[in-house]
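A short worksheet on the structure shown next.
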Amino acid sequence: MIRHYRLQSKLTQEELAEELGISWRQLQRLEHNEEKTRITTFKKIVKVLNIPDDEILRFIKSK
1085 MIRHYRLQSK LTQEELAEEL GISWRQLQRL EHNEEKTRIT TFKKIVKVLN IPDDEILRFI
1145 KSK
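According to the numbering used here, the sequence shown is numbered sequentially starting from 1085.
Below is the structure:
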């Protein structure tokens, strides 16, 4: 989900990671579901990428 919206926003991993205040490697792990994220980081991702509420709920339910 994160990768999809990042690409839709035409951002590189480095650009998004910088905006979120995390390393690009951490973002890469989040995109590949190799790492769980804190709620504060998740909220930043949702805000920066403008992810719709229904998409967030689908993502949470799939976990």
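From the three backbone atoms N, C-alpha and C, an ideal C-beta is built for every residue, glycine too.
Would you identify the three-state DSSP class for residue i, choosing helix, strand or coil?
| i | result |
| --- | --- |
| residue 1121 | coil |
| residue 1116 | coil |
| residue 1146 | helix |
| residue 1135 | coil |
| residue 1106 | coil |
| residue 1094 | coil |
Can you give me the C-alpha to C-alpha distance between residue i and residue j, rounded to a whole angstrom?
| i | j | result |
| --- | --- | --- |
| residue 1141 | residue 1086 | 14 Å |
| residue 1096 | residue 1123 | 22 Å |
| residue 1145 | residue 1091 | 23 Å |
| residue 1099 | residue 1093 | 11 Å |
Hey, would you say the C-beta of residue i is under 8 Å away from at least one heavy atom of the ligand FMN?
| i | result |
| --- | --- |
| residue 1101 | The ligand FMN is absent from the structure shown, which contains no ligands of any kind. |
Kindly indicate which residue of the options has the alpha-carbon position closest to the one of residue i.
| i | options | result |
| --- | --- | --- |
| residue 1104 | 1090, 1145, 1129 | 1129 |
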